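**Q** Taken in order, these protein sequences are the chains called C and D.
Note that the first sequence covers residues 3 to 471 in this note's numbering.
Note that the second sequence covers residues 167 to 371 in this note's numbering.
Can you read through this structure? Questions will come right after.
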Amino acid sequence: MSAPAKTLYDKLWDDHVVADEGDGVCLLYIDRQILHEVSSPVAFAGLEARGASVRRPKAQLATVDHAIPTKDRDKPVADPLARSQIALLENNATAHGITLYGSRSPRQGIVHVVGPEQGFTQPGMTLVCGDSHTATHGAFGTLAFGVGTSEIECVLATQTLRQSRSRNMALRATGTLGRGISAKDLAMAAVGRIGAGGGSGYAIEYMGAAISAMSMAARMTLCNMTIEAGSRIGMVAPDETTFAFLEGRPFAPKGPLWDEAVAYWRTLPSDTRARFDRVLEIDAGALAPQVTWGARPDLVLPVTGRTPHPDNAASAPERESLLKSLAYMGLTPDTALQDISIDYAFIGSCTNSRLEDLRAAAEIVAGKRVAKHVTALVVPGSSTIKRQAEAEGLDLIFRQAGFEWRDAGCSLCVAMNNDRLAPGQRSASTSNRNFEGRQGPGARTHLMSPMMVAAAAIAGHIVDVREIG
Amino acid sequence: MEPFVSIASIAAPLPERDIDTDIIFPARYLLLTSKTGLGRYAFFERRYEADGKTEKADFPLNQPAFRGAQIIVSGSNFGCGSSREHAVWALADLGVRCVIADSFGDIFYSNCFKNGLLPVMVTPGQRADLTTRASAGESLDVDLEHQEIRTADGGVIAFRVDGWRREALLNGWDEIATISQTRGQSIAAFEDAQRRRSSWLYADE
Ligand code: SF4
């Protein structure tokens, strides 16, 4: 008898079961954890209160990203709360023997950028982080998901978590992305299709020709937004692109261990006859640039679209929600998206702050000027990316166009440091969430790709990047 | 952890879908490094005017009828978005012990159980009925032991919670202590086997 056909998710799950707790719940072994300053303090305090130690310090990695300012990095952090939160992480990591990329480290950056960049994230692993965008790491064929602070403490203490098994969803992207269209547009279209809560309880595997052709940066962008469809887990099967990306990175296996690891990684892709509980298909070749118009990531339209009429809503609660979104966003029904003027342009976040994103945006802005009324910011995802971009002269292109060139961090994605919009201001943003208040109380966020944000910054309003030179 | 067996309380209606954790706990208060005393920041933008002090009269939790409600009845996908456990800590500090909704963000749902809060999933129809009752000021009886919500007129809505989560909440068990005590040997055995099978995962140790 042959073994039952399994999905990538099933294989990773089965390989990490420590104990079956019944009722679909297993105690799962967690291979790696990434820590940042915001979600970890209470976990370390809890650990100390119970007199426990970190079970595997080498299985943890800490970096500062959320609260850290994106300028004047050589000076002490001005905000006393941010300063003490960052110091707390630095102290906790040092006290427990955990590798730390502190505020002055050349490897510092956003958790979901730094993990892959350093080769800490690898196929076949289970990996968690106290941050909902941990699905980003699924791009490597890693079973990665966001957890709360209590779960961080549990992993520090036991290296395990009790988890309910998810169902399997496949999202097949056929065709080839057109000019001016990126993984971000596919991610946003997928969220629109599945809906804000539609992926809840599922692990999503992205597959198909459009995915196989993607770079690792593009796959990370795609997996990153999985949580916006309600699913904690988004994955891509590891392949030659994955292995080529990882080889030689600081934490990647070396010598004979590399060959052993790759041999195992090659067994991970879903079996051809594996069954998925739900299958969706998107023609990547037919996609237009995507833009959100409301205060939910699934309120998304092609850039050629117009804001909806609440009267066309499918249900009464949906109508309420549309009206609320329009009011919050300061928009009226049936407005052409391209008529919407912006105050801010933000290129950054764990969705779109990698070198390839910055290159794509720089190509659009080269030799042009940011519109007079727009404040434009580029915040690289890591200090490493910042240096690489500077070596290529990208910083110069951005600066000459009128963008500010900042230090690495989460910045305007979450507005926890001093980067923040004023109430009523509107941004074109490469981040992943357009929730009410996400970029500051009363701030209005339109999500789009780096190329689209770059184009909007120049035009001063939302614009179809395919129509500019 | 404070056990949850059953509570009887008035319920605050928040009949909206997709109330995300940024709404429940705005990001700028995430700089705080303790989990106590966070109730004052719960729903901050919804509760207060721009001055951060004046209460908005239209927000249910500000209305005399719902002040001190231990139950919230909300729409689908409650607690979606950011993984911040601060959202749960803030609700708990506000005195909320139970959220009833047609669905929840997965991470929020699991965070609740670590903090003595019970998230109850009901059908959209049941939720609409409970919203009407909550708005009328009716008290609800949420009983985890029997996994049912009882209404003032004797109506019963059954719900279900995973076996181990229910046990832990009923008894106020500390999950980390439970895992260490009952699974310590299995974890060590798993690590031994994994070290043999996938030794690159232990190369630095
Ligand atoms: S960039 Fe934004 S979404 Fe990503 S980890 Fe930072 S705050 Fe979270």
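Built from N, CA and C at the ideal position, the CB exists for glycine as well.
Source: prediction; values computed, not measured.
What do you reckon, are the CB atoms on residue 235/D and residue 191/D nearer than 8 Å?
**A** No. Outside cutoff.
**Q** Which residues in chain D have a C-beta closer than 7 Å to the C-beta of residue 298/C? List them in chain order.
**A** Those within 7 Å of residue 298/C in chain D are 184.
**Q** Examine the Cβ distances between the segment 148-156 of chain C and the segment 287-296 of chain C and report whether three or more of them are shorter than 8 Å.
**A** At 8 Å Cβ cutoff, the stretches do not touch.
**Q** Using 8 Å as the cut-off, can you tell me whether the segment 87-102 of chain C makes contact with the segment 54-67 of chain C, which would need three or more C-beta pairs spanning the two stretches below that distance?
**A** As far as the Cβ criterion goes, the segment 87-102 of chain C touches the segment 54-67 of chain C, which means the pair count is three or higher.
**Q** Have a look at 410/C, 327/C, 405/C and flag the residue whose alpha-carbon is nearest the alpha-carbon of residue 185/D.
**A** Answer by Cα proximity: 327/C.
**Q** Give the DSSP-derived three-state secondary structure of residue 28/C in the structure shown.
**A** Here residue 28/C sits in strand by DSSP.
**Q** In chain D, what lies closer than 9 Å to residue 104/C by C-beta?
**A** Neighbours of residue 104/C on chain D: none; closest Cβ ~17 Å, over 9 Å.
**Q** Return the residues of the segment 190-218 of chain D that lie within a Cβ-Cβ distance of less than 8 Å from chain C, sorted by chain order.
**A** Result list: 192, 193, 194, 196, 197, 198, 199, 200, 201, 211, 216.
**Q** Is residue 125/C near residue 138/C, with beta carbons less than 8 Å apart?
**A** Contact: no.
**Q** Taking 7 Å as the cut-off, is the beta-carbon of residue 433/C closer than that to any non-hydrogen atom of the ligand SF4?
**A** Yes - the ligand SF4 has a heavy atom lying nearer than 7 Å to the Cβ of residue 433/C.
**Q** Looking at the strands, I want to know which residues DSSP matches up with residue 161/C.
**A** DSSP, once it has assigned bridges, lists no residue as partnering residue 161/C.
**Q** For a cutoff of 8 Å on Cβ pairs, would you count residue 443/C as touching chain D?
**A** For residue 443/C, the answer is yes, since a Cβ of chain D falls inside 8 Å of its Cβ.
**Q** Report the three-state DSSP secondary structure of residue 111/C (helix, strand or coil).
**A** If DSSP states are grouped into helix, strand and coil, residue 111/C belongs with the strands.
**Q** Compare the beta carbon distance of residue 179/C and residue 206/C with 8 Å and say whether it is the shorter of the two.
**A** Their beta carbons are not under 8 Å apart, which means residue 179/C does not touch residue 206/C by this criterion.
**Q** Could you check whether the Cβ of residue 84/C sits closer than 8 Å to any Cβ belonging to chain D?
**A** Yes, because at least one Cβ of chain D sits closer than 8 Å to the Cβ of residue 84/C.
**Q** I'd like to check one pair, residue 170/C with residue 76/C: are the Cβ atoms closer than 8 Å?
**A** Not a contact, by the Cβ cut-off of 8 Å.
**Q** Name the two residues that bound the continuous beta strand (DSSP E) containing residue 309/D.
**A** Looking at the DSSP string, the run of the beta strand (DSSP E) that includes residue 309/D is 305-309.
**Q** I'd like to know whether the C-beta of residue 259/D is nearer than 8 Å to at least one C-beta of chain C.
**A** No, residue 259/D lies away from the interface with chain C (no Cβ there is under 8 Å from its Cβ).
**Q** Apart from the five residues just before and just after residue 36/C, which ones in its own chain have a Cβ nearer than 6 Å to its Cβ?
**A** Contacts found: 63, 113, 117, 131.
**Q** Cutting at 8 Å between CB atoms, please list the residues of its own chain near residue 370/C, excluding the five before and the five after it.
**A** Excluding residues within five positions, the ones whose Cβ falls inside 8 Å are 403, 460.
**Q** What residue from 18/C, 39/C, 40/C has the CA that sits closest to residue 30/C's CA?
**A** Of the listed residues, the one whose Cα sits closest to residue 30/C is 18/C.
**Q** Compare the Cα-Cα distances from residue 240/C to each of 53/C, 339/C, 218/C, 298/C and report the closest residue.
**A** Residue 218/C is the option with its Cα nearest to residue 240/C.
**Q** Using three-state DSSP, classify residue 36/C as helix, strand or coil.
**A** Looking at residue 36/C - three-state DSSP - the assignment turns out to be strand.
**Q** Would you verify that the beta carbon of residue 232/D is, or is not, closer than 8 Å to some beta carbon of chain C?
**A** Judged by the 8 Å Cβ criterion, residue 232/D is not in contact with chain C.
**Q** Against chain D, which members of the segment 400-422 of chain C pass a CB distance test of less than 7 Å?
**A** Correct list: 416, 417, 418.
**Q** Report, in whole angstroms, the separation of the C-beta atoms of residue 354/C and residue 452/C, which I expect to be a contact under 8 Å.
**A** About 5 Å separates the two Cβ atoms, so the contact holds.
**Q** For residue 240/D, verify whether its CB is less than 7 Å away from any heavy atom of the ligand SF4.
**A** Flag unset: Cβ of residue 240/D not near the ligand SF4.
**Q** At 3 residues or longer, what runs of the beta strand (DSSP E) sit wholly inside the segment 352-417 of chain C?
**A** Listed in chain order, they are 377-380.
**Q** Under DSSP, the alpha helix (DSSP H) around residue 291/D begins and ends at which residues?
**A** Taken as a continuous stretch (DSSP letters only), the alpha helix (DSSP H) holding residue 291/D covers 290-301.
**Q** Out of curiosity, what's the CA-to-CA distance linking residue 394/C and residue 271/C?
**A** Rounded to the nearest angstrom, the two C-alpha atoms are 36 Å apart.
**Q** From this set, 283/C, 322/C, 318/C, which residue's C-alpha is nearest residue 296/C's C-alpha?
**A** The shortest C-alpha separation from residue 296/C is found at 322/C.
**Q** Am I right that residue 83/C and residue 42/C are in contact with their C-beta atoms under 8 Å? What's the rounded C-beta distance?
**A** 15 Å between Cβ atoms; not a contact.
**Q** What number of angstroms, rounded off, separates the C-alpha of residue 355/D from the C-alpha of residue 311/D?
**A** For residue 355/D and residue 311/D, the distance between alpha carbons rounds to 35 Å.
**Q** Any contact of the segment 383-399 of chain C with the segment 349-368 of chain C, i.e. 3+ C-beta pairs under 8 Å?
**A** Enough Cβ pairs lie closer than 8 Å, so yes.
**Q** Could you tell me the boundaries of the alpha helix (DSSP H) in which residue 329/D lies?
**A** That run of the alpha helix (DSSP H) goes 329-337.
**Q** Would residue 342/D count as contacting chain C if we go by Cβ distances under 8 Å?
**A** It does; some Cβ of chain C falls within 8 Å.
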